[in-house]
Amino acid sequence: MLHPARAFPEDAPVRSSSTRSPCPPTRRLGLLVLSLFALLAAVGCSTFARAVKEGDTLTTQRQWSQAEAAYQRALAAEPGNSEAKVKLRDMRRLWSAEVFQAAQARHAEGDLAAATPLLVRALELDEGNAEVSALLAQTLDARVEGAQKALQAEKLQEARAEFDAVLAVDAEHAAARKGVTAVRTAWARRWFSTGKRLEDEGKLGNALLAYVRADQELAGATQARERAEAVRRLLQDEVAFMVVTAPAEDKASAPDVAQRLSPGRLAAMLPQEVPIRVITTEAPKNHEGVRLGMSLERVLPVKSVEQGQRSTRYLLTNKAVANPRRFELETALLAEERKLEEVERKLGGALREYLRRQDELVQAREVAGRCRDRERKACSNALAECTEAIARAKPGHVPRECDPSLCNPQCEQEERAYAQRASTAVELEQRLEGAQESAEAQRREVQRGRDAWYREPLTVEEPVYADYPYDVELHKLTLTATVTERLVDLAKDAASASPHTEDYAALHEDSSNKAYDKVGVLADPVQLRSEAELRVEAGEKAIAAIAARVKERFDAYRQRRVEDARRGLVRPSSEDVVETAVRALLLTADEPPQDILLTIAKARGLEHPEALLGR
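Residue 22 in UniProt numbering sits at position 22 of the sequence shown, with consecutive numbering throughout.
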């Protein structure tokens, strides 16, 4: 049977009452939101109820930590629920009572150290329990009393551990704080006594460490700091590097230069943190050091004047030249115009392609329209013939004029061709609009280039410079001090040392010229430093060089000491190793080796190793 809907075009809307929604979209959305809220509420209630029920069961079974976790989950589902809060509080009170019972048992046994954390936990679970608070205070007082007995018995570590345990629970416990101070005082006195014994035995390095440790325990409890400073000075004197010298021999009759070579100036040039002693008397026997002899051979000032020439550039005149900026703008304008021509050529091609495609689109639209008219007309005729044949046909018989294939679509190819050409036309339209925008932007760039080119002047003023030579005089003042030194170890014969002679020069120079106002050259008179200043500078250079060579000898000496100390670090607690290490550290006080310093400090329990060096 022929379907009547095939007689209409495919793009015609078809309305049917059977496809109508049973309720408006807004009402369906509201029902969906209400259902979702109901589901979430059911889930939340289910989670809360399960957690509360689980907490009740675990409380009955006296599984306190699991019960607490269950009630916490219930409060997470419903934070403001009073039932869960009350049950959690009651459960914690029961838990606190059980913990308190265990703490009482420990307290009755005399195990105060085990009872203390139990009482703290019980008080955390039930903060308002006065009985727990009273027993905890009684336990802390008993532990303080036991610590004081240990302190009287000189069991300092045990007493300090007890006092610290009490303060960990109650940081403001007065008796415990006083007990800690008493323990620190006892440790300070014990270390001070140890330092005195070691000092009397001649073990100054170990004594210094003991005094520093005593001062670290409690400053001011003993005279450890003063004794440490005294022992440190004794050690420094023992390991000091002696430099035996005398005032320099003045062979040049220049007392101002010779004064710079004095022992005092040499001591000032050497580092002050390490024990280097500059003395003018004989050094103690078998002491490390050097003997230094100095003599000022001559002081020679030389003054010279050299003639020379310099030149200066000055502005002679100005001249008009072609404006290079105008040429640059013209070149840029030509490039923009060439670019505009290319853009307009592309615009013309896009326009022609667009018009051609529009003609093809119109033709395809006409072909598709004629095909649809023929199809509609053929289908209408077939429908009419089918109606007439049904009227003539027998009942229950379908005539062949009602064959549905007579209304089948026949213009699919024309429709596809029309749709394809329409899509191509849209793309070409967008491409044409882009080409038009590019052409318009390029026209604006060309116009800007023209405006800039017209505004730029044809010529500009260019300065013309000339060189003006003028005479100058270079004045030089050189002062050379010749110094001979003899540096030899104290253990060797001074007569066998080879002298070292070196020249130390101080130089200053300055140029002078007349004024030449025509070209802007100012007068520059000679401003040389005085000869007295240069004599002082030459003497300072000489004493600095000699001090550097003395420092090299000292570095070699203390390096040997450091190597000896490092060889003994395998047993840092040994007294002989400590003696060697402390002396090496005092010799390297300007930059102490950290491996030696930290090892010795760790062996003797020093928190601040730098205190060993007096810092």
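Cβ atoms here follow ideal geometry from the backbone N, Cα and C, with glycine treated the same way.
Just to confirm before moving on: does the CB-CB distance between Q436 and L347 stay below 8 angstroms?
yes
Report the option in R62, A49, Q61 and V239 whose CA atom is closest to the CA atom of Q72.
A49
Which same chain residues, not among the five before or five after Y354, have their C-beta less than 7 angstroms away from its C-beta?
L428, E429 and L432
So what's S133 in DSSP terms, helix, strand or just coil?
helix
Spell out a yes or no on whether the region 419–426 and the region 312–323 are touching, meaning 3 or more CB-CB pairs, one atom from each, closer than 8 angstroms.
no
State yes or no: is the C-beta of E336 within less than 8 angstroms of the C-beta of V464?
no
Spell out the partners DSSP gives A481 in its beta bridges.
V299 and Y504
Could you check if A391 is buried or exposed, using at least 16 other CB atoms within 10 Å of its CB as the buried criterion?
exposed
From A130 to A84, what distance separates their C-alpha atoms?
25 angstroms
Delimiting residues of the beta strand (DSSP E) encompassing V278
I276 to I279
Between V536 and D256, is the Cβ-Cβ spacing less than 8 angstroms?
yes
H397 in three-state terms, based on DSSP
coil
What three-state label does DSSP hand L32 in the structure shown?
In this prediction, L32 scores a pLDDT of 37, lower than 50, which makes its location untrustworthy; the coordinate-derived value is nonetheless stated afterwards. L32 falls in the helix class under three-state DSSP.
Using DSSP bridges, identify the partner residues of H287.
Per DSSP, none; premise fails for H287.
Just the Cα atoms here: how many angstroms apart are T26 and P79?
For T26, the predicted model reports a pLDDT of 38, less than 50, meaning its position is unreliable; a value from the coordinates is still stated below. For T26 and P79, the distance between alpha carbons rounds to 34 angstroms.
For the putative contact between M242 and L490, defined by C-beta atoms under 8 angstroms, what is the C-beta separation to the nearest angstrom?
7 angstroms
Report yes if the CB atom of R177 is closer than 8 angstroms to the CB atom of E217, and no otherwise.
no
How many angstroms separate the CA atom of A506 from the CA atom of Q259?
17 angstroms
Neighbour-count burial assignment, H107, 16 or more Cβ in a 10 Å radius:
buried
What runs of the beta strand (DSSP E), each 3 residues or longer, lie entirely inside the region 212–278?
241–245
Taking the alpha carbon of V519 as the reference point, which residue from I546, Y468 and R604 has its own alpha carbon closest?
Y468
Can you tell which of L266, L235 and A452 has its C-alpha closest to the C-alpha of E328?
A452
V526 to G264, Cα distance in whole Å?
36 angstroms
Apart from the five residues on each side of it in sequence, which residues of its chain come closer than 8 angstroms, Cβ to Cβ, to E388?
E401
Looking at C-beta atoms only, is the number of pairs between the region 206–216 and the region 560–573 that lie closer than 8 angstroms three or more?
no
With a CB to CB cut of under 8 angstroms and the five nearest residues on each side skipped, what residues in its chain are close to R326?
W453, E456, P457 and L458
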